[in-house]
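Okay, so the sequence shown: first residue is 289 according to my numbering, each after it adds one.
Just so it is clear, CB atoms sit at the ideal spot from N, CA and C, and this is done for glycine as well.
The model shown is predicted, which means the values in this text are computed figures rather than measured ones.
To keep things clear, I will list the structure first and then write my remarks on it.
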Amino acid sequence: MRILGLDVGSRTVGVAVSDMLGWTAQGVEIIRINEDEQEFGLDRMAELVAQYDPDGFVLGLPKNMNNTIGPRAEAAQYYGELLKAKFGLPIDFQDERLTTVEAERMLVEEADTSRKKRKQVIDKLAASLILQNYLDRKGPLVK
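Structure, rendered in structure tokens:
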């Protein structure tokens, strides 16, 4: 049972995938999107769905620090609705407050990468963190 984890932004969607047992998350890629132009990268997502055959999606939900839903969280929910309509797969959300900050810190401290290189991988790493947090919270997918 596989799950695709997504970090949805206004310009990119970081993508991660779980292993078949639901223990670990691995970053896959970053899909370029453009919310302003209503370009959501669904054709590329369809290719990833065909490749990984997931049983569902987990999207990061960027709540405000006071636990309210703001414009970015609403945009993530909208993206989830688009995915559900297109693929008919279950959608779940994982609180992602501070995951991008955590990903940035990990890249600075552990990988010692340049700012330009960090920008190229941060969304993929954030998607991995979102999915891994979800997997850790839910436990193994296969019993």
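Member of the options whose CA lies at the smallest distance from the CA of residue i
i, options, result
"Y292", "E335, S298 and D324", "What sits at residue 292 in the sequence shown is Leu, not Tyr. If we check each option's Cα against that of L292, E335 comes out closest."
"I379", "A338, P342 and T300", "P342"
"V296", "R425, D424, I357 and G368", "G368"
"L370", "G329, A415, K351 and M308", "G329"
"T300", "K426, D383, G348 and K374", "G348"
"D411", "K351, R320 and I357", "R320"
"G344", "A414, K374 and E384", "K374"
"A414", "P350, I357 and G376", "P350"
"T312", "K426, Q420 and R425", "Q420"
"N352", "L294, L377, N322 and D383", "D383"
For residue i, the residue or residues it bridges with in DSSP
i, result
"E327", "N322"
"L423", "Paired residue(s): none; L423 is not in a bridge."
"V296", "V301"
Whole-angstrom distance between residue j and residue i, CA atom to CA atom
i, j, result
"I418", "V316", "13 Å"
"Y366", "G310", "25 Å"
"V305", "A338", "13 Å"
"V346", "M289", "13 Å"
"V430", "L423", "Caution is warranted here: a pLDDT of 45 is assigned to V430, below 50, making its placement in the model unreliable, and the coordinate value is therefore given only provisionally. Whole-angstrom Cα-Cα distance: 11 Å."
"A364", "V303", "14 Å"
8 Å contact criterion, which residue i and residue j should meet: CB distance rounded
i, j, result
"S298", "E323", "5 Å"
Checklist entry - Fully enclosed by the segment 302-387, which alpha helix (DSSP H) runs are 4 residues long or longer? => result 330-340 and 359-375
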